[in-house]
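Single-structure report; data block below.
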Amino acid sequence: MSFDRSIKIAPSILSADFADFGREIRAIEDQGADWVHVDVMDGHFVPNLTFGPPAVKAFRPHVKTVMDVHLMIAPVDPYIDAFAEAGADILTAHVEAGPHIHRTLQAIRAAGMKAGVALNPGTPAESVAHLLDLTDLICVMTVNPGFGGQKFIDLTDKVRSLRAMIGDRPVHIEIDGGVTPDTAPLVARAGADVLVAGSAVFKGGSADNAAPYGDNIRAIREAAELATGQFA
Ligand code: DX5
Ligand code: ZN
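Okay, here's the thing in structure tokens:
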């Protein structure tokens, strides 16, 4: 995985057909997804349950791009090796998931993955100030985690602060929650490069009728690229 700040669209399979993950993953990649975002929830850190390492391992052969695994679980450390074995490329843990996020990020890298750190909407940018050299991605949650289809919370000031803190470091800023063609320009202009979108990508389509996924991905990408002057 080489680093760049071009806009990347990462559909969240939380909005896919749960009985058909393999075909859904192939459909979004065929339709232009840059990464595949996988939301792991434990019914404890967030009030919802999704899937664990065996499911993530089953997704792996279908993902040709980058498997971006977002852990909304606590604790994290006992599961790091299992997600490495499942084939995660990026493993993101929440700064709020426990007292030792610094150690967690070190352990994720030691297990051979890129390390991400996620911030809930109420958590300030400064909470990651001492983690910048240990992380490859900062995920700014623009909804309270747990469910797809929620309303975007405007945290562009936090994104701008993080972008300034990161400086020249090869650290992605990812936005997760309520991303649409209307909200993508706000966060892209503030410095985000990875846009997670669940409902806004999967709406109107299916694995059998995947063209709407492509239209939806293009609409988000073009809105973000226009806002940052990257649109060619
Ligand atoms: C929320 C998840 C998100 C979610 C986004 O807890 O982390 O990845 O799927 O869904 P939308 O794009 O519908 O807000
Ligand atoms: Zn997510």
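In the numbering used here, the protein residues as written are 9 to 240. Note that beta-carbon positions come from the ideal geometry of N, C-alpha and C, so glycine has one too. All of these numbers come straight from a predicted model, not from anything done at the bench.
Q.
Please classify F210 as buried or exposed, where buried requires at least 16 other C-beta atoms within 10 Å of its C-beta.
A. Start at 1 with the first residue of the sequence shown, and residue 210 comes out as number 202. It is buried - the Cβ of F210 has at least 16 other Cβ atoms within 10 Å.
(Q) Considering Cα atoms alone, identify which of V64, S207, H45 and H78 is closest to V187. (A) On the sequence shown, position 179 is the one that residue 187 refers to. Out of V64, S207, H45 and H78, S207 has the C-alpha closest to the C-alpha of V187.
**Q.** Residue closest to G40, alpha-carbon to alpha-carbon, out of K16, V46 and L57
**A.** Along the sequence shown, one-based indexing puts residue 40 at 32. Distance from the Cα of G40 is smallest, within the candidate group K16, V46 and L57, for K16.
Q) Does the Cβ of A172 have 16 or more other Cβ atoms within 10 Å, making it buried, or fewer, making it exposed? A) To locate residue 172, count along the sequence shown from 1; it is residue 164. Exposed, by the Cβ-count rule.
Q) Is S207 helix, strand or coil by DSSP? A) For this step, residue 207 is matched to residue 199 along the sequence shown. Residue state, collapsed to three classes: helix.
Q | Helix, strand or coil at P129 according to DSSP, with G and I counted as helix | A | Numbered from its first residue, the sequence shown carries residue 129 at position 121. In this structure, P129 counts as coil in the three-state DSSP scheme.
Q: Report yes if the C-beta of A227 is less than 6 Å from at least one heavy atom of the ligand DX5; otherwise report no.
A: The residue given as residue 227 occupies position 219 in the sequence shown. It does not: the Cβ of A227 is nowhere closer than 6 Å to a heavy atom of the ligand DX5.
Q: Could I get the ranges of all uninterrupted beta strand (DSSP E) runs contained in the segment 41–124, with 3 residues as the minimum, in chain order?
A: With a minimum length of 3 residues, the continuous beta strand (DSSP E) runs that stay inside the segment 41–124 are 44–49, 75–80 and 98–102.
**Q.** Residues bridged to E182 (per DSSP)
**A.** As a working mapping, residue 182 is identified with position 174 in the sequence shown. The partner list for E182 (beta bridge, DSSP) reads C147 and V202.
Q. Where do the N-terminal and C-terminal ends of the beta strand (DSSP E) with K166 fall, by residue?
A. On the sequence shown, position 158 is the one that residue 166 refers to. Secondary structure note for K166: it is in no beta strand (DSSP E), and the uninterrupted alpha helix (DSSP H) holding it is T164 to I174.
Q: Say whether the segment 133–142 touches the segment 164–182, bearing in mind that this needs 3 or more beta-carbon pairs closer than 8 Å, one atom from each stretch.
A: The segment 133–142 is in contact with the segment 164–182.
Q) If you pair each beta-carbon of the segment 106–118 with each one of the segment 66–81, do three or more pairs fall below 8 Å? A) Flag = no, the segment 106–118 and the segment 66–81 do not touch.
Q) Using a threshold of 6 Å, is the CB atom of P153 nearer than that to any non-hydrogen atom of the ligand DX5? A) The count along the sequence shown starts at 1 and reaches residue 153 at position 145. Yes, the beta carbon of P153 sits closer than 6 Å to at least one heavy atom of the ligand DX5.
Q) When the Cα of F155 is compared with those of G237, A196, H180 and D184, which residue comes out closest? A) Taking the sequence shown and counting its residues from 1, the one referred to as residue 155 is at position 147. The option with the nearest alpha carbon to F155 is D184.
Q.
Can you list, in chain order, the residues of its chain with a C-beta nearer than 6 Å to that of I36? Leave out the 5 residues immediately preceding and following it.
A. For the purposes of this step, residue 36 is identified with residue 28 of the sequence shown, where counting begins at 1. Excluding sequence neighbours, I36 sits near P19 and Y221.
Q | Any residue whose CB is nearer than 5 Å to a heavy atom belonging to the ligand ZN, listed in chain order | A | Residues whose Cβ lies closer than 5 Å to any heavy atom of the ligand ZN, listed in chain order: D47, H78 and D184.
Q: Consider the C-beta atom of G156 and the heavy atoms of the ligand DX5; say whether any pair is separated by less than 6 Å.
A: As a working mapping, residue 156 is identified with position 148 in the sequence shown. It does: the Cβ of G156 is within 6 Å (strictly closer) of some heavy atom of the ligand DX5.
Q. Would a C-beta distance cut-off of 7 Å place I181 and G199 closer than the cut-off?
A. Stepping through the sequence shown from its first residue, residue 181 is reached at position 173. Stepping through the sequence shown from its first residue, residue 199 is reached at position 191. Going by C-beta atoms, I181 is nearer than 7 Å to G199.
Q. Are there 16 or more other CB atoms within 10 angstroms of the CB of P5, so buried, or fewer, so exposed?
A. Past the boundaries of the shown model lies residue 5; the chain is included only from 9 to 240, so the question cannot be answered.
Q. In terms of residue numbering, what span does the beta strand (DSSP E) encompassing I17 cover?
A. Translated into the one-based positions of the sequence shown, residue 17 becomes position 9. Run containing I17: K16 to P19, per the beta strand (DSSP E) assignment.
Q. Using a C-beta cutoff of 7 Å, does K159 count as contacting chain B?
A. In the displayed structure, chain B is absent; only one protein chain is listed.
Q | Sub-7 Å separation of A119 and C147 beta-carbons | A | Counting from one through the sequence shown, the residue named residue 119 turns up at place 111. Counting from one through the sequence shown, the residue named residue 147 turns up at place 139. Contact: no.
Q.
What does the Cβ neighbour count give for A196, buried or exposed, with the cut at 16 atoms within 10 Å?
A. Along the sequence shown, read from residue 1 onward, the residue named residue 196 stands at position 188. Using a 10 angstroms sphere on the CB of A196, the tally of other CB atoms reaches 16 or more, which defines it as buried.
Q | Element boundaries [alpha helix (DSSP H), containing F29] | A | Here residue 29 is taken as the residue at index 21 of the sequence shown, counted from 1. Here the alpha helix (DSSP H) through F29 covers F29 to D38.
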